[in-house]
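The opening residue of the sequence shown carries number 11 in the working numbering; numbering runs sequentially from there. Every residue, glycine too, gets a C-beta built ideally from N, C-alpha and C. Encoded as structure tokens, the structure appears first; notes follow it.
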Amino acid sequence: MRLFDLHCDTITELEKKNESLAENDGHISLDRAGYLTEYVQDFAIFIPDEYRGKAATDYFDRVYAYYKKQLSANGISEYAERQNTKVKSILSVEGGAGMGGTIEGLHHLSDCGVKLITLTWNGRNELASGCFDEEDIGLTAFGRDAIREMEKLRIAADVSHLSKKGFYDLADFAQKPFMASHSCVDMVDNFKARHRNLTEDQIKIISEHGGVIGINLWEKLLGNEDNSFDAVLRHMSRMIEIGGEDVVAMGTDFDGCDINPDLAGIEKLQGLYDYLNIHGFDKKLLDKIFFANADRFFSNLLFTK
Ligand SMILES: [Zn+2]
Numbered sequence: 011m012r013l014f015d016l017h018c019d020t021i022t023e024l025e026k027k028n029e030s031l032a033e034n035d036g037h038i039s040l041d042r043a044g045y046l047t048e049y050v051q052d053f054a055i056f057i058p059d060e061y062r063g064k065a066a067t068d069y070f071d072r073v074y075a076y077y078k079k080q081l082s083a084n085g086i087s088e089y090a091e092r093q094n095t096k097v098k099s100i101l102s103v104e105g106g107a108g109m110g111g112t113i114e115g116l117h118h119l120s121d122c123g124v125k126l127i128t129l130t131w132n133g134r135n136e137l138a139s140g141c142f143d144e145e146d147i148g149l150t151a152f153g154r155d156a157i158r159e160m161e162k163l164r165i166a167a168d169v170s171h172l173s174k175k176g177f178y179d180l181a182d183f184a185q186k187p188f189m190a191s192h193s194c195v196d197m198v199d200n201f202k203a204r205h206r207n208l209t210e211d212q213i214k215i216i217s218e219h220g221g222v223i224g225i226n227l228w229e230k231l232l233g234n235e236d237n238s239f240d241a242v243l244r245h246m247s248r249m250i251e252i253g254g255e256d257v258v259a260m261g262t263d264f265d266g267c268d269i270n271p272d273l274a275g276i277e278k279l280q281g282l283y284d285y286l287n288i289h290g291f292d293k294k295l296l297d298k299i300f301f302a303n304a305d306r307f308f309s310n311l312l313f314t315k
């Protein structure tokens, strides 16, 4: 099977522990990904909500240096370079605070090869309200400027963690497709899921704009007290009913959240693939979900005239 995963926090975690992507005890290591025939991984540099301005950009730069070292040490090319390596990477920033609140800061991220920006984390930043902001102010004026500039720079906007008003402001304002890199369907009743998952209306809008949604494996969002594979099946099936087959992708959130042991690691995804196959998802649909939908999104973003 091939895999295109829209979100993980692996590089941020490895930097903290000074560990290698080749081998480690986290959710993603290259030795355990060896069974994949083709593998594109989005690596997010996660900007904590306590960092704003220069603290945020300095933090980005530090993790970015680690990211570049891991790429060259392990023979990984960047997706945008279109090289023929088995493992390819896409760099994203989780938290638009990584721009440091300026358009110059956004240009710096672009120069570093960032192709996707999760506009907010849970709190408010210079661009917008996050999903747990007490007062939802939607997109700010700077947020609008930044999104217009991101569209010019071919950097996609990611609405996972964005507030509801922020989402609708973006949907009105965006001229290019956008995505939710790691979110599930709003059908799980706990505080975090109610804020982080997407309503039917949001799923329809993302789909109508040509976007994709990466299914998150976090147990809180899946609501998987019982069987994780079955919970993923339920979320995917519902998302397909609402938004069609071209919207669903993978956004594992590996190394960023608590995942049930039966799914907690890249080596477990073959089991999920097989389970979905036995339960009615044919191989063409599975390839869309695990690879082709995300590939279509980024290929349109980066390689169209
Ligand atoms: Zn996240």
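query = In or out: S139 buried (at least 16 other Cβ within 10 Å) or exposed?
reply = Counted from its first residue, the sequence shown places residue 139 at position 129. S139 comes out buried.
query = So what does DSSP say about A190, is it helix, strand or coil?
reply = In the sequence shown, the residue the question calls residue 190 occupies position 180. In this structure, A190 counts as strand in the three-state DSSP scheme.
task = Compute the Euclidean distance between the alpha carbons of G106 and A54, then round it to the nearest angstrom.
result = By one-based count along the sequence shown, residue 106 stands at place 96. By one-based count along the sequence shown, residue 54 stands at place 44. Cα-Cα distance, rounded: 12 Å.
inquiry  = Does the region 14-25 come into contact with the region 67-76, if we say contact requires no fewer than three beta-carbon pairs (one atom in each stretch) closer than 8 Å?
reply    = yes
query = Which residues in the same chain have their Cβ closer than 6 Å to the Cβ of Q80, if we skip the five residues on either side of it in sequence?
reply = Mapped onto the sequence shown, residue 80 falls at position 70. Contacts found: L31.
query = Near S99, which residues of its chain fall below 7 Å by C-beta distance, leaving aside the five closest residues on each side in sequence?
reply = Along the sequence shown, one-based indexing puts residue 99 at 89. Cβ within range, chain order: Q51, F53, L81, I86, E88, Y89.
inquiry  = Among L279, L282, T209, whose alpha-carbon lies nearest the alpha-carbon of E251?
reply    = Counting from one through the sequence shown, the residue named residue 251 turns up at place 241. Nearest option by C-alpha distance: T209.
query = Which of helix, strand or coil does DSSP assign to K96?
reply = The count along the sequence shown starts at 1 and reaches residue 96 at position 86. Looking at K96 - three-state DSSP - the assignment turns out to be coil, as it is neither helix nor strand.
query = In chain order, what residues of the same chain have a beta carbon less than 6 Å from the beta carbon of T314, not counting five sequence neighbours either side?
reply = As a working note, residue 314 is residue 304 in the sequence shown. Counting only Cβ-Cβ distances below 6 Å, and skipping sequence neighbours, we find nothing.
query = With burial defined as no fewer than 16 other Cβ atoms inside 10 Å of the residue's Cβ, what is the status of R204: buried or exposed?
reply = Along the sequence shown, one-based indexing puts residue 204 at 194. So R204 counts as exposed.
query = In terms of residues, what are the limits of the beta strand (DSSP E) holding Q51?
reply = Working through the sequence shown from its first residue, we reach residue 51 at position 41. Note, Q51: beta strand (DSSP E), 48-56.
Cβ neighbour criterion (16 or more within 10 Å) applied to S309 = For the purposes of this step, residue 309 is taken as residue 299 along the sequence shown, with counting starting at 1. Exposed: under 16 other Cβ atoms inside 10 Å.
request  = Answer with buried or exposed for H17, where buried requires no fewer than 16 other C-beta atoms within 10 angstroms of its C-beta.
outcome  = In the sequence shown, the residue the question calls residue 17 occupies position 7. Buried, because 16 or more other Cβ atoms sit within 10 Å of the Cβ of H17.
query = With distances taken from CA atoms, which of Q212, E229, W228, L227 is nearest G221?
reply = Mapped onto the sequence shown, residue 221 falls at position 211. Of the listed residues, the one whose Cα sits closest to G221 is Q212.
message = Using 8 Å for Cβ pairs, my map puts I113 next to A156. What's the rounded Cβ distance?
response = Within the sequence shown, numbered from 1, the residue matching residue 113 stands at position 103. Within the sequence shown, numbered from 1, the residue matching residue 156 stands at position 146. Right, the Cβ-Cβ distance comes to about 7 Å (below 8 Å), so this counts as a contact.
The region 184-198 / the region 135-149 touching (three or more Cβ pairs under 8 Å) = Cβ pair count under 8 Å is below three, so no.
ask   = In whole angstroms, what separates the C-alpha of W131 from that of H192?
value = Residue numbering aside, residue 131 sits at position 121 when the sequence shown is read from its first letter. Residue numbering aside, residue 192 sits at position 182 when the sequence shown is read from its first letter. Computed Cα separation, rounded: 12 Å.
ask   = Is the Cβ-Cβ distance between N234 and N270 less than 7 Å?
value = Walking along the sequence shown from the start, residue 234 turns up at place 224. Walking along the sequence shown from the start, residue 270 turns up at place 260. Closer than 7 Å, so yes.
message = Tell me the rounded alpha-carbon separation between E33 and R42.
response = Indexing the sequence shown from 1 puts residue 33 at position 23. Indexing the sequence shown from 1 puts residue 42 at position 32. C-alpha separation (whole angstroms): 8 Å.
query = What is the residue span of the beta strand (DSSP E) that T22 lies within?
reply = On the sequence shown, residue 22 is found 12 positions in, with the first residue counted as 1. First-last for T22: 20-27, but that is the alpha helix (DSSP H), not the beta strand (DSSP E).
key: Beta bridge counterpart(s) of F14 as assigned by DSSP   = For this step, residue 14 is matched to residue 4 along the sequence shown. For F14, which the question treats as bridged, DSSP gives the partners V50.
query = Among the residues of its own chain, which have a CB less than 7 Å from the CB of F142, if the five just before and after it don't count?
reply = Stepping through the sequence shown from its first residue, residue 142 is reached at position 132. Within the same chain, F142 has close Cβ partners N132, G133, H205.
ask   = Secondary structure at L149, three-state DSSP: helix, strand or coil?
value = One-based indexing of the sequence shown puts residue 149 at position 139. Reduced to three states, the DSSP call for L149 is strand.
inquiry  = Tell me the DSSP secondary structure of L101 in three-state form.
reply    = Taking the first residue of the sequence shown as 1, we reach residue 101 at position 91. Note: L101 maps to strand in three-state DSSP.
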